[in-house]
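Remarks on the structure that follows.
Residue numbers (full-length UniProt numbering): 1 to 512.
So this is what it looks like as structure tokens:
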């Protein structure tokens, strides 16, 4: 099984003969010198022939030597950190383990992973301790020799000229980010400069090609350009979240599912701009993917909702470990659903969909209407989604029965989501009016979503109550069911006010 580590570090350039700064002195008692070790690290880096991974700040290597020898996959994360996925060395040196190939498939789209560089590092590593003798950081003085691995015409490889340099690497262990900031300030004050390269591999391969500069999108841009940018943004989100879903990172399934739904919604909203014979199969496949992600996401949301409700209860009204009787089956349902999601991401159907989506956003086969100005086409498409929403609301308000009203409100929620997605997809182009409209429709969706959540939660509560053997859980579930009924009624009452505000004509002036 892969292990996951969070890496937050800073790199600095050092002259070959420079004295290593004494950080314990520079930081004036904040840290103390710990053990020193020396290592010889030999690493082979893998990428596609086009350096696809490096272009997206992803590194994949097999490294011998040191305390963490093995296969390492580094993925960009928030706040400048990186996620490092580790596997043991194994016996095969030239073939990337299948688990790591799967982690980057959404980027490589199946292109072979081949050696692109070899890096040998002579490292002198010192641990920095706090007052309690905890290791808070590690300082590595690295003397590096690196070579590019160049493909030969036909078959085989050759190595490029050797490059050598010295660098200082400071990595947090149990310290807080503020310590890294203090180290940075101390080193800069001592004349040590940050490295211009984010990694050793980036220094070997050289700078990635600069992304193509595109003109800012405006209402005068073509409708196709605006839609293409939105579609590309959602495909990128799916690509980014793929490894995060595999690692079960917080909120990753939700983010991938939202991007999937936004894509499907956009293909439906703007379907006159693309051939139906192309977009219809894609919409069907995106619907399938959203459903595959849905079981895990729904279990996750249900668990959070019910445990939050239990936590808000008066402890005097709870019998024993009521939360545990609710948590256990829902946690199990999520774990089982997550296993199925990963199996889906490893399947050929999903991989074909990824390839098709990347092809779509790279060279979209737009119809002639896509060449017209955005202001002539796109507001009208958003207006069409709103018209569908308004009709469903009107039908729900005059529904003859509670069951039909609940069904129509559920359909209205889906229509509100499509209207919201449509407005948000063009808001950056059409400005404040489109943004205000999108926010108003979002409130409609949220209120209707709360109503639908109460309906679904009541059904799940009944299922849990029928299978639990815990009297404490059964009692708590009965109380929660009553609360969910009240929550659904409140949402219906709120809906009338929210709809009145969101349907104001002033919010729709930009639609025509």
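In this text, a Cβ means the ideal position worked out from N, Cα and C, and glycines have one as well. If you're wondering where the values come from, they're calculated on a predicted model, not measured in any experiment.
Residue i classed as buried or exposed, judged by whether at least 16 other C-beta atoms fall within 10 angstroms
{"i": "residue 21", "result": "buried"}
{"i": "residue 188", "result": "exposed"}
{"i": "residue 487", "result": "buried"}
{"i": "residue 445", "result": "buried"}
{"i": "residue 514", "result": "Any property of residue 514 remains undetermined from this structure, which presents the chain solely from 1 to 512."}
{"i": "residue 356", "result": "exposed"}
{"i": "residue 365", "result": "exposed"}
{"i": "residue 417", "result": "buried"}
{"i": "residue 6", "result": "exposed"}
{"i": "residue 227", "result": "buried"}
{"i": "residue 425", "result": "buried"}
{"i": "residue 362", "result": "exposed"}
{"i": "residue 500", "result": "exposed"}
{"i": "residue 34", "result": "buried"}
{"i": "residue 78", "result": "exposed"}
{"i": "residue 183", "result": "buried"}
{"i": "residue 235", "result": "buried"}
{"i": "residue 460", "result": "buried"}
{"i": "residue 36", "result": "exposed"}
{"i": "residue 469", "result": "exposed"}
{"i": "residue 264", "result": "buried"}
CA nearest to the CA of residue i, picked from the options
{"i": "residue 74", "options": "3, 306 and 229", "result": "3"}
{"i": "residue 185", "options": "430, 412, 498 and 10", "result": "10"}
{"i": "residue 169", "options": "194, 377, 146 and 99", "result": "194"}
{"i": "residue 150", "options": "50, 310, 490 and 37", "result": "50"}
{"i": "residue 159", "options": "204, 343 and 336", "result": "204"}
{"i": "residue 579", "options": "442, 167, 466 and 206", "result": "There is simply no residue 579 to check, as the chain begins at 1 and stops at 512 in what is shown."}
{"i": "residue 374", "options": "501, 104, 510 and 46", "result": "510"}
{"i": "residue 340", "options": "164, 305, 327 and 289", "result": "289"}
{"i": "residue 546", "options": "296, 237, 139 and 431", "result": "Outside the shown range of the chain (1 to 512) lies residue 546, about which nothing can therefore be said."}
{"i": "residue 490", "options": "481, 462 and 447", "result": "447"}
{"i": "residue 300", "options": "28, 335, 461 and 281", "result": "335"}
{"i": "residue 178", "options": "385, 270 and 27", "result": "27"}
{"i": "residue 192", "options": "67, 19 and 397", "result": "19"}
{"i": "residue 455", "options": "473, 302, 252 and 278", "result": "302"}
{"i": "residue 342", "options": "247, 76 and 197", "result": "247"}
{"i": "residue 514", "options": "396, 376 and 475", "result": "The structure shown has nothing for residue 514, since the chain only spans 1 to 512."}
{"i": "residue 344", "options": "452, 410 and 286", "result": "286"}
{"i": "residue 505", "options": "210, 434, 41 and 270", "result": "434"}
Straight-line gap, residue i to residue j (C-alpha atoms, nearest Å)
{"i": "residue 142", "j": "residue 176", "result": "23 Å"}
{"i": "residue 216", "j": "residue 102", "result": "35 Å"}
{"i": "residue 310", "j": "residue 442", "result": "28 Å"}
{"i": "residue 207", "j": "residue 200", "result": "12 Å"}
{"i": "residue 495", "j": "residue 408", "result": "13 Å"}
{"i": "residue 250", "j": "residue 30", "result": "33 Å"}
{"i": "residue 319", "j": "residue 477", "result": "Interpretation of residue 319 is limited by its pLDDT of 49, a score under 50 that renders its predicted location unreliable; no figure is taken from the coordinates."}
{"i": "residue 219", "j": "residue 337", "result": "43 Å"}
{"i": "residue 428", "j": "residue 420", "result": "13 Å"}
{"i": "residue 393", "j": "residue 414", "result": "11 Å"}
{"i": "residue 95", "j": "residue 117", "result": "14 Å"}
{"i": "residue 502", "j": "residue 370", "result": "29 Å"}
{"i": "residue 329", "j": "residue 245", "result": "21 Å"}
{"i": "residue 12", "j": "residue 87", "result": "28 Å"}
{"i": "residue 347", "j": "residue 401", "result": "44 Å"}
{"i": "residue 464", "j": "residue 449", "result": "22 Å"}
{"i": "residue 213", "j": "residue 385", "result": "32 Å"}
{"i": "residue 512", "j": "residue 432", "result": "16 Å"}
{"i": "residue 439", "j": "residue 83", "result": "34 Å"}
Proximity test, residue i beta-carbon vs the ligand ADP heavy atom, cut-off 7 Å
{"i": "residue 419", "result": "This structure lacks the ligand ADP; in fact it carries no ligand of any kind."}
CB contact flag (residue i, residue j, <8 Å)
{"i": "residue 32", "j": "residue 129", "result": "yes"}
{"i": "residue 180", "j": "residue 23", "result": "no"}
{"i": "residue 52", "j": "residue 111", "result": "yes"}
{"i": "residue 63", "j": "residue 43", "result": "yes"}
{"i": "residue 513", "j": "residue 148", "result": "One cannot answer for residue 513 here, as it falls past the ends of the chain, which runs 1 to 512."}
{"i": "residue 484", "j": "residue 467", "result": "no"}
{"i": "residue 100", "j": "residue 71", "result": "yes"}
{"i": "residue 172", "j": "residue 137", "result": "yes"}
{"i": "residue 268", "j": "residue 283", "result": "yes"}
{"i": "residue 437", "j": "residue 507", "result": "yes"}
{"i": "residue 266", "j": "residue 293", "result": "no"}
{"i": "residue 146", "j": "residue 119", "result": "yes"}
{"i": "residue 349", "j": "residue 105", "result": "no"}
{"i": "residue 453", "j": "residue 308", "result": "no"}
{"i": "residue 274", "j": "residue 367", "result": "yes"}
*What are the start and end residues of each continuous alpha helix (DSSP H) run of 4 or more residues lying completely inside the segment 190-258, in chain order?*
200-205 and 223-246
*Identify every run of the beta strand (DSSP E) within the segment 105-138, keeping only runs that are complete inside it and at least 3 residues long; order them along the chain.*
114-129
*Taking only runs of the alpha helix (DSSP H) that begin and end inside the segment 341-419, which ones reach a length of at least 4 residues, in chain order?*
348-362 and 374-397
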